[in-house]
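If you want the working numbering, it's the position in the sequence shown, counting the first as 1, plus 131. Have a look at the structure below before the remarks.
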Amino acid sequence: MGQSLHGRSIVNGHLVHTPAFLKAVEARLGVWPNPEAIPILREWHVEYVLVSGTSQEEFQAVLSGIRALAGLCHVGSFDEGFMLFTETHGFRVLQPGEDCGQPQLPFGRGRG
């Protein structure tokens, strides 16, 4: 799938009509954090995962789990979101054996 604004491939978390290839992996991609999602993201050549959230305690617990997930590197957070969300967090998908190193934001400035 592609985003019309920038023309880059995207994987969207919620769609009105789910394509068959997403239905096949819905159980592994649909719940976060889930270590089974990392190999799928790598296979699809996903480079970054953006997670929108709130300051609510329930989301902060989920965010802690995502940050602890092997295979993702937190690259930054932004105090802005869409609709009900108040913050956005960016994670780089690491390849097997790759170290997070010094996180770099490829898409703007945020807080680490």
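We put the CB at the ideal spot given by N, CA and C, even for glycine.
Looking at the backbone, the Cα of S183 and that of I171 are separated by about 20 Å. Assigned with DSSP and collapsed to three states, G196 falls in helix. Beta-bridge partners assigned by DSSP to G221: L181 and G207. Within a 10 Å sphere around the beta-carbon of E218 sit 16 or more other beta-carbons, which makes this residue buried.
Residues of the same chain with a CB within less than 7 Å of the CB of A151, apart from the 5 flanking positions on each side, do not exist. DSSP places A151 inside the alpha helix (DSSP H), whose first and last residues are A151 to K154. L181 places its beta carbon 7 Å or farther from that of C204.
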